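Numbering (the numbering used here), first residue to last: 722 to 1394.
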């Protein structure tokens, strides 16, 4: 799912690049809000915080023997604890592959096939780590003068992006995830027969631009795929062929490919993907090629890292100055403001620096999980791939491996800034920053935008008396201290929060590179109480209608004229309004059923079915009209306080659902998500 391919460390706001997204609401309200869970299961994995770092007392020598002993003592236990089938780890140093080790099983035998252990030549999907090869391809064409990072992409392609803001969308924006795109993933991952059609994917459902370009880091698979499509258009070569000829082969990566499905010569070496170690093997997924379609081995991943460190077997992939440009921040304070003071994207690379060492890399995952980090100034690199999601999408294994490698072989402390504000100023800043936030990486113009109104998707920031901040992400709590005005750093760690304030209010917070936190809106806060109240009222009206008819019939049969007169037949307007209420409740149930189905298989409910639910919703909401007429009629007749209140409640409840449908795009004809 989208959450997987884009599962860079810290995918906040989506149940971790996952599924536990449904708010714990009772009755029909739970059903209503399950619609929002579609995106949690089909969009991004919740972004994970980095663990607190405890510095080691001594530095180990980075040797083959020491690394092998360290990995052998760590990885098997991590696979067991994470319910993961297998993994490969590769470490490079000083221009050579130091270690590449396989652990666990490429095939567990759960499907009746023989067990097959992982080795250094076993093939793994690496999901979003593939974006590094795409970024390298772009920069090769930049070096040759065929692409310019800072001109509008319309110079190179006629793909129509729904733009809401002035200003160019550039390749620099695409590589730094600042083009302003909302989250979209309808065409990102499928299990359909190949080959993958990049042009169809790019043109079929482009996302809407929801932020001004260059202002708001917001991770976008589509943006990188668009960059890959531009490589294809400008080079005149199919994207997969270009990367093979100009990136993989020069790097000596003879077991790597972007082809989907795999070429016959490689298919027999492919690891199976599993959700859990004891589960069944999952189908081979077709992933949007530039964003996540690469398959590689542990040995080839080592060669890839060496190529990034300018030790390519077939000559340099890029000039040294171009590598440095890619490893450095891609945007400055003139575009990002204070967000540029924290960690940010290079050109395709995440800043993963720790312990005072410059580290860049990328992470990703679908069923497979992978991460790659290199130390440009130290000549080292680490790669890990896992063929399963396990208990936490291999997050614990990857985080512990990467931070553990830094602590063991590159210990140190974070550099000071000398700009720490006074304690009173920090307390004031912390009070401004405190609040509730959601991720910028979200659908904002489709029906799935309702997800961001679920409290389970919210992140809270609390201000402490000492001016520190507490960032709460689900069960995780991370403490930050202000190191310069409006810039906080994780206590004992390396993560940063940069708080952008305008007119005394937080506009956005820079978090993990390529991600921002946005303040919860009034509409998002109001959704649950409004929807819950409206749903309860509609249910009462729908249930009361037949109960009233039964009561009248019973009274007449008993010749109880008083009771019968007290419950007269409803007018045509009142009955029509109640029919609308019933259809609206049916629409709510239909949205919930679609959500449940889409969570299990995001292709299980097609556009026609979703449009049908939209029509049902719209027809039900038309009950507002007879409801208003009935209210006016009752008011004019001065029918008593109880009847007046009853008549007013129904159109108000329907109007509340109409507000919800409009505010959260339930009626948007574009049902992509």
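We put the beta carbon where it would ideally sit given N, CA and C, even for glycine.
Bear in mind that the values here come from a model prediction, so they are computed numbers and not experimental data.
Using the three-state DSSP reduction, which class does residue 1104 fall into: helix, strand or coil?
Three-state result, residue 1104: strand.
For the region 805-884, which segments carrying the alpha helix (DSSP H) assignment without a break, of at least 4 residues, lie completely within its bounds, in sequence order?
For the region 805-884, whole alpha helix (DSSP H) runs of length 4 or above, ordered along the chain, are 852-864.
Contacting residues, own chain, Cβ-Cβ under 7 Å from residue 798 (five flanking each side not counted)
Same-chain partners within the cutoff: there are none.
Give the secondary structure of residue 1168 by DSSP, where H, G and I count as helix, E and B as strand, and everything else as coil.
Residue 1168: helix per DSSP, three-state reduction.
Endpoints, the beta strand (DSSP E) within which residue 1156 is located
Boundaries of the beta strand (DSSP E) around residue 1156: 1156-1160.
Residues bridged to residue 904 (per DSSP):
In the DSSP output, where bridge partners are listed per residue, residue 904 has none listed.
Contact check, residue 1193 vs residue 1180, beta carbons under 8 Å:
Residue 1180 sits close to residue 1193, with the two beta carbons spaced by under 8 Å.
Between the beta-carbon of residue 838 and the beta-carbon of residue 827, is there less than 8 Å?
Cβ distance < 8 Å, so residue 838 and residue 827 count as in contact.
Per DSSP, the bridge partner or partners of residue 1182:
Beta-bridge analysis with DSSP links residue 1182 to 1156 and 1192.
Would you tell me roughly how many angstroms separate the C-alpha atoms of residue 997 and residue 1317, rounded to the nearest one?
Distance between the alpha carbons of residue 997 and residue 1317: 21 Å.
When DSSP builds the beta bridges, which residues end up paired with residue 1240?
Paired residue(s): 1158.
In its own chain, which residues sit with a C-beta less than 6 Å from the C-beta of residue 1118, not counting the 5 before and 5 after it?
Correct list, in chain order: 799 and 803.
Here's the rule: buried if 16 or more other CB atoms are within 10 angstroms of the residue's CB, otherwise exposed. What is residue 1020?
Burial of residue 1020 is indicated by the presence of at least 16 other C-beta atoms within 10 angstroms of its C-beta.
DSSP on residue 1314, reduced to helix/strand/coil?
Helix at residue 1314.
Looking only at its chain, what residues have a beta carbon closer than 6 Å to the beta carbon of residue 941, apart from the 5 residues adjacent to it on each side?
Answer for residue 941: 898 and 902, listed in chain order.
Where does residue 1210 sit, in a helix, a strand or coil, going by DSSP?
In this structure, DSSP gives residue 1210 an extended state, which the three-state scheme calls strand.
Start and end residues, alpha helix (DSSP H) containing residue 799:
Where residue 799 is concerned, the enclosing alpha helix (DSSP H) starts and stops at 785-803.
Is the Cβ-Cβ distance between residue 1134 and residue 1076 less than 8 Å?
Cβ atoms of residue 1134 and residue 1076: closer than 8 Å.
Beta carbon of residue 1342, beta carbon of residue 1379: below 8 Å?
Note that the C-beta distance between residue 1342 and residue 1379 is below 8 Å.
Take the Cβ of residue 881 as the centre, count every other Cβ of all protein chains shown within 10 Å, and call the residue buried at 16 or more, exposed below.
Its Cβ having fewer than 16 others within 10 Å, residue 881 is exposed.
Taking all protein chains shown into account, do 16 or more other C-beta atoms lie within 10 angstroms of the C-beta of residue 994, making it buried, or fewer, making it exposed?
If you draw a 10 Å sphere on the C-beta of residue 994, you find 16 or more other C-beta atoms in it, and that means buried.
Compute the Euclidean distance between the alpha carbons of residue 1393 and residue 883, then round it to the nearest angstrom.
Taking the straight line from one Cα to the other gives about 14 Å.
Out of 1094, 910 and 1155, state which residue places its alpha-carbon closest to the alpha-carbon of residue 943.
Checking every option, the nearest Cα to that of residue 943 belongs to 910.
Which runs of the beta strand (DSSP E) spanning at least 3 residues fall entirely within the region 1030-1102, listed in chain order?
For the region 1030-1102, the full-length beta strand (DSSP E) segments reaching 3 residues or more read 1081-1086 and 1090-1096 along the chain.
Following the continuous beta strand (DSSP E) through residue 1197, name the residue where it begins and the one where it ends.
First-last of the beta strand (DSSP E) with residue 1197: 1197-1205.
Taking the continuous alpha helix (DSSP H) assigned at residue 1125, which residues delimit it?
That run of the alpha helix (DSSP H) goes 1116-1130.
Within 10 angstroms of its Cβ, does residue 801 collect 16 or more other Cβ (buried), or is it exposed?
It is exposed - the Cβ of residue 801 has fewer than 16 other Cβ atoms within 10 Å.
Given a cut-off of 8 Å on the beta-carbon distance, is the pair residue 1011 and residue 960 in contact?
It is a contact, given that the beta carbons lie within the stated cut-off.
To which residues does DSSP link residue 1223 through a beta bridge?
DSSP lists 1226 as partners of residue 1223.
Rounded straight-line distance, which links the Cα of residue 1311 to that of residue 1299:
Cα to Cα, residue 1299 sits roughly 18 Å from residue 1311.
In this structure, what does DSSP give as the bridge partners for residue 991?
Within the DSSP bridge table, the entry for residue 991 names 844 as partners.
Go ahead and label residue 865 buried or exposed: buried means 16 or more other beta carbons lie within 10 angstroms of its beta carbon, across all protein chains shown.
A residue is called buried once 16 or more other Cβ atoms fall within 10 Å of its Cβ, and residue 865, having fewer, is exposed.
Could you give the distance in angstroms between the alpha-carbon of residue 1185 and the alpha-carbon of residue 1201?
Approximately 10 Å between the Cα atoms of the pair.
By the three-class DSSP mapping on this structure, what secondary structure does residue 899 have?
Looking at residue 899 - three-state DSSP - the assignment turns out to be coil, as it is neither helix nor strand.
Counting along the chain, where does the alpha helix (DSSP H) carrying residue 1010 start and finish?
For residue 1010, the enclosing alpha helix (DSSP H) has its first and last residue at 1010-1013.
Do the CB positions of residue 949 and residue 1024 come within less than 8 Å of each other?
No, these two residues do not count as a Cβ contact at 8 Å.
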